[in-house]
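Notes for the one structure printed next.
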């Protein structure tokens, strides 16, 4: 009985939690994080169960309020949306467990609003993945964006300004999406994705469609920080509180990338997206430019969080390259990279949160060997995630790049292949720079590694319980994702390939 | 040519409005003016949906004895209007969040001029 309601339970669970968190917080402040983590755990379990059910029994369509699809709104749990919702819920669960101590440490006064905003944020993201209606998608997009601005506005002195810039650009992106949708709606008279997919090939006015699709692509490009629309991302991620970044960075931009996948391959159809209007190619080449530009900028940054933020621009570029290739292998690479990068980036940002907790800075030139002695597990997790970002087997990052490279080879697209190879080298440059400092550079003062650091005994300890477990769990999951990639691709990603690709 | 303009002038007006809004967002230094630009852009897009759904000499989609049900072209499609009601709510909430952030920025820097704020950050 429950399983046929799975599509609506996922966003609804987060929404109810978003309402319960302030109530629980008003009762007892310590209750708020517990409610948030508990609800996220429940929703993660529901979405994984939904994923298993979809894999065995096929998609579930849920009619909101009982209204039949072309008129009413439907939520669709098909292999792709079930997969994305599971990734969002599971990564969010790990990050929120980790956040319990960080929020208490960094912003104890804002804990209740923080968890409420996080729940609303996850409502929006899971809603975007599950909805089968293009206007409903806009509404969920704005729900997630508005709470995202609130989350990223929490942080150091500069955070409100960078969040404001994100707000203006994000609103422009959402407005462009809405404008593009107007063109599509006026030509087809429907907002339902399945209905739109049926009617679009019959529309005679192709130029109107082209204008609409370009507006929608630009809007989503702004949301997913596709080069050159990534301007808001580095500042917003760097200045926000550790947990906000760890929550927004791994899953926020991925969901916008998912919307592009949905729009190109399921609504428009691969043939049309590739053919009359070179939208796929444009997204792919912009992604390739973003890969190189993001990596180059990451090399020049001396602040760990800023470096990771620029590397996010590069990693979103990989997904865009996968979309741009427009072939089954490219699609697999893009989807696989979505989950891999969500785990890698979450792990790296959790390590940076651990560093801020114990060292009170994440300035790379000040890293040295005593970090490795003080925090061996966090640093090992960082090293593993860094190797995965560079793409060394058997970590997860290798396999998504492998599929993307195979797809590029298959189409003899040497530009994309060269980009993938060059970016691995660039990734190696900026990650080995950090790893070298952690593992090889001796502390400036020979004695300072053994005697307590000047910030006190606190600085020499590894982070405690929940923070350490989650960080190491994500690092181990990268190995697991890498070793299980063949299973994931055959059982989860192959069934989601759209017809005609 | 004149016919074309006569039939389409709202679209030219809305295109101009969008450009004005976008220009305000990008080039004004004052954060409140940026927000005004953002609001103009959003309103222009909302109006675009409404203008596109408008039909000459048609009426609200409530059953009218004089018109009957036979001819749907006499009624205006209610869906775009309903959707834009949601979009207006979204726009209002965006404005609220923007002003909240602006208040925080003003409390920190005692200024709303972007160049002054950037000077303080340097």
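Protein chains in written order, with the working numbering: chain A, -10 to 490; chain B, 67 to 188.
The beta carbon of each residue, even a glycine, is placed where N, CA and C say it ideally should be.
Predicted, not measured: the structure shown is a model, and the values here were computed from it.
Measure how close the beta-carbons of residue 204 of chain A and residue 168 of chain A come, nearest whole angstrom, since I'm counting them as under 8 Å. 5 Å
Please report the distance separating the alpha-carbon of residue 172 of chain B from that of residue 52 of chain A. 46 Å
Which value, in whole angstroms, describes the spacing of the CA atoms of residue 446 of chain A and residue 85 of chain A? Any reading at residue 446 of chain A needs caution, since the residue's pLDDT is 44, under 50, leaving its predicted position unreliable; the model's value is listed next. Straight-line Cα distance between these residues: approximately 27 Å.
According to DSSP, is residue 443 of chain A helix, strand or coil? Note on residue 443 of chain A: pLDDT 47, under 50, position unreliable in the model; no value is reported.
Roughly how many whole angstroms lie between the Cα atoms of residue 89 of chain B and residue 103 of chain B? 7 Å
Against chain B, does residue 194 of chain A count as a neighbour if the rule is that its beta carbon must be under 9 Å from one of theirs? no
Report the partner residues of residue 39 of chain A according to the DSSP bridge assignment. Per DSSP, none; premise fails for residue 39 of chain A.
Three or more C-beta pairs below 8 Å linking the stretch 89 to 98 of chain B and the stretch 117 to 125 of chain B: no
Rounded to whole angstroms, what's the CA-CA distance from residue 294 of chain A to residue 227 of chain A? Just pull it up for me. 5 Å
Contact set between the stretch 114 to 145 of chain B and chain D, restricted to residues whose Cβ is under 7 Å from the partner: The structure shown has no chain D; the protein chains it does contain are A and B.
In chain B, which residues lie less than 8 Å from residue 316 of chain A when you measure between Cβ atoms? By Cβ distance, chain B contributes nothing, its closest Cβ being about 35 Å from residue 316 of chain A, past 8 Å.
Quick one: is residue 91 of chain B near chain A, going by C-beta distance under 9 Å? yes
Contact the stretch 129 to 137 of chain A vs the stretch 23 to 41 of chain A: 3+ CB pairs below 8 Å: no
Cα-Cα, which of A:245, A:329, A:334 is closest to residue 420 of chain A? A:334
Can you name, in chain order, every residue of its own chain whose Cβ lies under 8 Å from the Cβ of residue 179 of chain A, other than the five neighbours on each side? 59, 185, 188
To the nearest angstrom, report how far apart residue 70 of chain A and residue 114 of chain A are at their CA atoms. 11 Å
Could you tell me which of A:175, A:422, A:481 sits nearest to residue 195 of chain A, measuring between CA atoms? A:175
Please classify residue 126 of chain B as buried or exposed, where buried requires at least 16 neighbouring CB atoms within 10 angstroms. exposed
Using a Cβ-Cβ cut-off of less than 7 Å, give me the residues of the stretch 67 to 85 of chain B that come near chain A, in sequence order. none
If we count the other Cβ atoms within 10 Å of its Cβ and call it buried at 16 or more, is residue 263 of chain A buried or exposed? buried
Using CA coordinates, which residue listed in B:165, B:109, B:99 is at the minimum distance from residue 80 of chain B? B:109
Looking at the structure shown, is residue 74 of chain A part of a helix, part of a strand, or coil, going by DSSP? helix
Terminal residues of the alpha helix (DSSP H) in which residue 75 of chain B lies: 68 to 93
Any beta carbon from chain B within less than 9 Å of residue 20 of chain A's own beta carbon? no
If residue 223 of chain A and residue 299 of chain A are in contact, beta carbons under 8 Å, what's the gap, nearest whole angstrom? 6 Å
Specify, as a first and last residue, the run of the beta strand (DSSP E) that residue 66 of chain A falls within. 63 to 66
When you compare the CB of residue 154 of chain B with every CB in chain A, is at least one pair closer than 9 Å? no
Coarse secondary structure for residue 292 of chain A, derived from DSSP in three states: strand
Please give me, in chain order, every unbroken run of the beta strand (DSSP E) with length at least 3 that falls completely inside the stretch 81 to 124 of chain A. none
Could you tell me whether any Cβ in chain A is nearer than 9 Å to the Cβ of residue 159 of chain B? yes
For residue 219 of chain A, the three-state DSSP class (helix, strand or coil): coil
Touch test, the stretch 204 to 219 of chain A against the stretch 79 to 99 of chain A, Cβ-Cβ under 8 Å, three pairs minimum: no
Neighbour flag for residue 100 of chain B against chain A, beta carbons, 9 Å: yes
For the alpha helix (DSSP H) containing residue 430 of chain A, list its first residue and its last residue. Premise fails: residue 430 of chain A is in no alpha helix (DSSP H) and is neither H nor E.
Tell me, to the nearest whole angstrom, how far the beta carbon of residue 63 of chain A is from that of residue 50 of chain A; I am working on the premise that it is less than 8 Å. 5 Å
Assuming residue 278 of chain A and residue 216 of chain A make a contact with CB atoms under 8 Å, what is their CB distance in whole Å? 5 Å
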